[in-house]
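A.B. asks: Top to bottom, those sequences are chains W and G.
With our numbering applied, the first sequence covers 1 to 247.
With our numbering applied, the second sequence covers 1001 to 1332.
Even for Gly, the Cβ is constructed at its ideal location relative to N, Cα and C.
Please read all numbers here as calculations on a predicted model, not as lab measurements.
Provided herewith is a single structure, encoded as structure tokens, for subsequent inquiry.
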Amino acid sequence: MIELQHISVNFGKCEILDDINANISEGHLTAVMGPNGCGKTTLLRCIGALLQPSSGQVLIDGIPVQNYSARALAQKVAFVRQQTQTDFDFSAFETVLMGRNPYQKRLQNESQADWDIVEQCMRKTNTWHLRFSTPHQMSGGELQRVMIARALAQQTPVLLMDEPVSNLDIAHQLEIMRLLRNDGGKTILIVIHDLNLALQFCDDLMLFHSGKLLYHGPINGGLTPNNIRTVYGVASHMADDRIIYDY
Amino acid sequence: MVRRMTGGKYKSGRANPWVVIGLTLLLVAAMAICSLFGAVDFEWEEIKDSPIFWQLRVPRVVMSVLVGAVLSVCGAAYQSIFRNPLTDPYVLGVSSGASLGAAVALLLGWGAIQWGVSSMALVTALLTVLLIYKIASIGNRMHTTTLLLTGVCFTLLISAVISFLMVMNHEKMDDIIFWTMGSFDPSRISWEDVEVMLPVSVVGIGVVLWYSRDLNLLLAGSEAAKSMGVEVEKVKRALLLFTTLMVAFAVSSCGVIGFVGLIVPHAVRLVVGSDNRKVVPYSMLCGSIFVLVCDTLARTVLRPGELPVGSLTSIIGAPMFIYLLYKSKKNY
């Protein structure tokens, strides 16, 4: 469903991504991992057509993403960003309702169906009790969950998530990962830094190392002590299917 | 403000038709009443065949309504496009460009020619925005922060140039200052000006209303808006084009009327929330009423003299706005 063909991205002389080729398996939860600044966010932005790669192209359902209208793409791909901040006060409910935009006609009212979907997505992400709160009244983690609810409200087959759980406490991390795990059939790319959380919940791994795709395949085969040393420069070993770091 | 639930059902974020009808009726009533007062007061019976009323007073009233609507709608749109609560319709250099053109035209002695000053002001206003726009766009994309900064820089530069022009031409100083302060004086506004302004504002405001939900999404950020289905570059371009044209026409015929475009949308937001499907139409009507009332006061308070309406909008608007801010603070 998502094909990456020879994706390279340069910002000036700086090479962020270098000839990435991959076929992302439909319906899988894929962890996108690698050290800070290795191009994970850049890759997601290419897939979401927010950034035109310097060369190569991204195909979704066989069509290059640049050929989609914004509306059509928004019905295929939802994006949860790292940070979102605004000075204007939309309530959490209004924020999540924005996710319904790609299905609404201009000047048309929201339908009861839109409201029901919003409520459902907010209940799933445990944000329903925050529906009247404005961004200033919410904590970083609560706002992050509202953003996840907004992406779910887009009801897309593809979900791109840039560090969606980094701001959350452990209970909510597990809750969100479980939700993604069980939200049947979505193809999800998730940037995540917690190796064990990824190991526990994700199917596949895309491991990046200085702009190159070092490993793409089932996560168990990828998060080896050897790869971890190469990518992060950290020594580790496996015990009880957990990664333990050696200091 | 965000409590939208009544009996378990959500109310739409769209404008409430009753509020729109109510404000429209209020506006019409205010127009009828305000047009009676001025340097000369009229009675209902005598307006029928009074050329002063129909040729001087009515176009002035209509123009103040149009300009109030245009400035408020553009302010609301700019604050969403730039995601910056401090932006007003003049931030892209329209007002300074127009002032420079007007100053040059006045120095050239075009003050007596009909359309002389205003057409020059219109041309320089549009050229200034175009120049700022060119400088700030990289390739075919524009960077809104750069656009704002360039606009601010040009505004400062041009006001320096105008000061220089005034110092070099003492005798025209009053004319230039009077022009820039903004007024709906009959020496400037006639039916012809209204005939130009009316279609420009109807089309321009229509475009902003058409894109009002996209404006909501732009507030969430350009990338977020795009991934939720907004053709960001196209929408921004259309909005900037039409808002700039509207403001340029308004400024070139009436001068710089400050504060309206900044505070009217904010005041509306404080009452109804940030949803632009409400903010844009309500701002349009409230801005009209506000400028209409200010202009009526401007021509009656110091009769037979006139106050510049631009200073009145600030004197009345600022305390009202501070009060609203103070009141809304208590909700937190």
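Residues of chain G with CB closer than 8 Å to the CB of Gln154 of chain W, please, in chain order.
C.D. replies: Counted from its first residue, the first sequence places residue 154 of chain W at position 154. Under the 8 Å cutoff, chain G gives Met1228.
A.B. asks: Cutting at 8 Å between CB atoms, please list the residues of its own chain near Asn126 of chain W, excluding the five before and the five after it.
C.D. replies: Within the first sequence, numbered from 1, the residue matching residue 126 of chain W stands at position 126. Within the same chain, Asn126 of chain W has close Cβ partners Arg145, His172, Glu175.
A.B. asks: Please state whether DSSP places Asp1214 of chain G in a helix, a strand or coil.
C.D. replies: Position 214 of the second sequence, counted from the start, is the residue given in the question as residue 1214 of chain G. Three-state result, Asp1214 of chain G: helix.
A.B. asks: Along chain G, in chain order, which residues have C-beta atoms closer than 8 Å to that of Leu50 of chain W?
C.D. replies: Your numbering for residue 50 of chain W matches position 50 in the first sequence. Those are Glu1223, Lys1226, Ser1227, listed as they occur along chain G.
A.B. asks: Since Tyr215 of chain W is in the beta strand (DSSP E), which residue starts that stretch and which ends it?
C.D. replies: Looking up residue 215 of chain W in the first sequence gives position 215. Unbroken beta strand (DSSP E) run through Tyr215 of chain W: 212-218.
A.B. asks: Please work out which residues of its chain come closer than 7 Å, Cβ to Cβ, to Pro1265 of chain G, disregarding the five sequence neighbours upstream and downstream, and give them in chain order.
C.D. replies: For this step, residue 1265 of chain G is matched to residue 265 along the second sequence. Contacts found: Ser1072, Gly1075, Ala1076, Gln1079, Val1279, Ser1283.
A.B. asks: If you draw a straight line from the alpha carbon of Met1173 of chain G to that of Gln1114 of chain G, how long is it in whole angstroms?
C.D. replies: Your numbering for residue 1173 of chain G matches position 173 in the second sequence. Your numbering for residue 1114 of chain G matches position 114 in the second sequence. Rounded to whole angstroms, Met1173 of chain G to Gln1114 of chain G spans 20 Å at the Cα level.
A.B. asks: Grab me the residues of Phe1321 of chain G's own chain with a C-beta within less than 8 Å of its C-beta, minus the 5 sequence neighbours each way, in chain order.
C.D. replies: Start at 1 with the first residue of the second sequence, and residue 1321 of chain G comes out as number 321. The answer, listed in chain order, is Ile1263, His1266, Ala1267.
A.B. asks: Within the continuous beta strand (DSSP E) that includes Glu3 of chain W, where are the two ends?
C.D. replies: Locating residue 3 of chain W in the first sequence gives position 3, counting from the first residue. Start and end: 2-11.
A.B. asks: Helix, strand or coil for Glu1306 of chain G, going by three-state DSSP, please let me know.
C.D. replies: Reading the second sequence from its first residue, position 306 is the one you call residue 1306 of chain G. Three-state result, Glu1306 of chain G: coil.
A.B. asks: How long is the line joining the alpha carbons of Glu1195 of chain G and Phe1037 of chain G, rounded to whole angstroms?
C.D. replies: Within the second sequence, numbered from 1, the residue matching residue 1195 of chain G stands at position 195. Within the second sequence, numbered from 1, the residue matching residue 1037 of chain G stands at position 37. Roughly 23 Å separates the two Cα atoms.
A.B. asks: Counting contacts by CB-CB distance shorter than 8 Å, is Thr78 of chain W in contact with chain G?
C.D. replies: Residue 78 of chain W sits at position 78 when you count from the first residue of the first sequence. Checking the sequence, you will find Ala at residue 78 of chain W rather than Thr. Chain G contact via Cβ: present.
A.B. asks: Would you tell me roughly how many angstroms separate the C-alpha atoms of Thr1180 of chain G and Val1256 of chain G, rounded to the nearest one?
C.D. replies: Position 180 of the second sequence, counted from the start, is the residue given in the question as residue 1180 of chain G. Position 256 of the second sequence, counted from the start, is the residue given in the question as residue 1256 of chain G. Going from the Cα of Thr1180 of chain G to the Cα of Val1256 of chain G covers about 6 Å.
A.B. asks: Give me, in chain order, the residues of the same chain whose beta-carbon lies closer than 6 Å to that of Ile192 of chain W; leave out the 5 immediate sequence neighbours on both sides.
C.D. replies: Position 192 of the first sequence, counted from the first residue, corresponds to residue 192 of chain W. Taken in chain order, the residues that qualify are Ala31, Ala198.
A.B. asks: Name the one or two DSSP bridge partners that His129 of chain W has.
C.D. replies: Numbered from its first residue, the first sequence carries residue 129 of chain W at position 129. According to DSSP, which records beta bridges pairwise, His129 of chain W is partnered with nothing at all.
A.B. asks: Tell me which residue opens and which closes the beta strand (DSSP E) that Gln57 of chain W is part of.
C.D. replies: What you label residue 57 of chain W is simply residue 57 of the first sequence in a count that begins at 1. Run containing Gln57 of chain W: 55-60, per the beta strand (DSSP E) assignment.
A.B. asks: Any Cβ of chain W within less than 8 Å of the Cβ of Gly1206 of chain G?
C.D. replies: By one-based count along the second sequence, residue 1206 of chain G stands at place 206. For Gly1206 of chain G, the answer is no, since every Cβ of chain W falls outside 8 Å of its Cβ.
A.B. asks: Who pairs with Cys202 of chain W in a beta bridge, going by DSSP?
C.D. replies: Taking the first sequence and counting its residues from 1, the one referred to as residue 202 of chain W is at position 202. BP columns for Cys202 of chain W are empty, so no partner.
A.B. asks: Could you have a look at Asn209 of chain W and say whether DSSP puts it in helix, strand or coil?
C.D. replies: Taking the first residue of the first sequence as position 1, residue 209 of chain W is located at position 209. It is worth fixing the name first, because residue 209 of chain W is His in this sequence and not Asn. The answer is strand: DSSP assigns His209 of chain W an E or B state.
A.B. asks: In whole angstroms, what separates the C-alpha of Asp114 of chain W from that of Gly1013 of chain G?
C.D. replies: In the first sequence, residue 114 of chain W corresponds to position 114, counting from 1. In the second sequence, residue 1013 of chain G corresponds to position 13, counting from 1. One C-alpha to the other measures close to 13 Å.
A.B. asks: Using only the alpha-carbon positions, how far apart do Ile117 of chain W and Ala153 of chain W sit?
C.D. replies: In the first sequence, counting from the first residue as 1, residue 117 of chain W sits at position 117. In the first sequence, counting from the first residue as 1, residue 153 of chain W sits at position 153. Each residue's Cα considered, the two are about 6 Å apart.
A.B. asks: Following the continuous beta strand (DSSP E) through Met147 of chain W, name the residue where it begins and the one where it ends.
C.D. replies: Position 147 of the first sequence holds residue 147 of chain W. It is not in any beta strand (DSSP E) - Met147 of chain W instead sits in the alpha helix (DSSP H) that spans 140-153.
A.B. asks: Just checking: is the beta-carbon of Met98 of chain W within a distance shorter than 8 Å of some beta-carbon in chain G?
C.D. replies: Residue 98 of chain W sits at position 98 when you count from the first residue of the first sequence. By this cut-off, Met98 of chain W is an interface position.
A.B. asks: Considering only C-alpha positions, which residue in the set W:Glu119, W:Val234, W:Thr156, W:Met1 is nearest to Leu59 of chain W?
C.D. replies: Counting from one through the first sequence, the residue named residue 59 of chain W turns up at place 59. With distances taken between Cα atoms, Leu59 of chain W lies closest to W:Met1.
A.B. asks: In chain order, what residues of the segment 87-121 of chain W put their CB closer than 8 Å to some CB of chain A?
C.D. replies: Here chain A cannot be found, since the structure's protein chains are W and G.
A.B. asks: Determine whether the beta carbon atoms of Gly1097 of chain G and Val1067 of chain G lie at a separation below 8 Å.
C.D. replies: In the second sequence, residue 1097 of chain G corresponds to position 97, counting from 1. In the second sequence, residue 1067 of chain G corresponds to position 67, counting from 1. In this structure, Val1067 of chain G does not lie closer than 8 Å to Gly1097 of chain G by Cβ.
A.B. asks: Residues of chain G with a CB under 9 Å from the CB of Arg81 of chain W: which are they?
C.D. replies: Along the first sequence, one-based indexing puts residue 81 of chain W at 81. By Cβ distance, chain G contributes Gly1221, Glu1223, Ala1224, Ser1227.
A.B. asks: Output the distance between the C-alpha atoms of Val9 of chain W and Thr156 of chain W, rounded to the nearest integer angstrom.
C.D. replies: In the first sequence, residue 9 of chain W corresponds to position 9, counting from 1. In the first sequence, residue 156 of chain W corresponds to position 156, counting from 1. Roughly 26 Å separates the two Cα atoms.
A.B. asks: Using a Cβ-Cβ distance under 8 Å, would Ala248 of chain W count as near chain G?
C.D. replies: This structure gives no information on residue 248 of chain W, because the portion of chain W shown stretches from 1 to 247.
A.B. asks: Taking beta-carbon pairs under 9 Å, can you tell me which members of the segment 53-76 of chain W lie near chain G?
C.D. replies: Going along the segment 53-76 of chain W in chain order, one finds Ser69, Ala70, Arg71, Ala72, Leu73, Ala74, Gln75 with a Cβ nearer than 9 Å to chain G.
A.B. asks: Does the Cβ of Ser1163 of chain G have 16 or more other Cβ atoms within 10 Å, making it buried, or fewer, making it exposed?
C.D. replies: Numbered from its first residue, the second sequence carries residue 1163 of chain G at position 163. Exposed, by the Cβ-count rule.
A.B. asks: Could you tell me the distance, in whole angstroms, from the CA atom of Arg1213 of chain G to the CA atom of Asn167 of chain W?
C.D. replies: Position 213 of the second sequence, counting from 1, holds the residue named residue 1213 of chain G. Position 167 of the first sequence, counting from 1, holds the residue named residue 167 of chain W. Arg1213 of chain G and Asn167 of chain W: Cα-Cα distance of roughly 29 Å.
A.B. asks: Taking the alpha carbon of Ser1159 of chain G as the reference point, which residue from G:Gly1101, G:Leu1307, G:Asp1295 has its own alpha carbon closest?
C.D. replies: Locating residue 1159 of chain G in the second sequence gives position 159, counting from the first residue. The shortest Cα separation from Ser1159 of chain G among G:Gly1101, G:Leu1307, G:Asp1295 belongs to G:Gly1101.
A.B. asks: For Glu1231 of chain G, return the contacting residues in chain W, with the cut-off set at a CB-CB distance below 9 Å.
C.D. replies: Reading the second sequence from its first residue, position 231 is the one you call residue 1231 of chain G. Simply Ser69, Ala70, Arg71.
A.B. asks: Against chain W, does Asn1216 of chain G count as a neighbour if the rule is that its beta carbon must be under 8 Å from one of theirs?
C.D. replies: What you label residue 1216 of chain G is simply residue 216 of the second sequence in a count that begins at 1. Judged by the 8 Å Cβ criterion, Asn1216 of chain G is in contact with chain W.
A.B. asks: Closer than 8 Å is the cut-off here; do at least three beta carbon pairs connect the segment 93-111 of chain W with the segment 179-186 of chain W?
C.D. replies: These segments do not touch.
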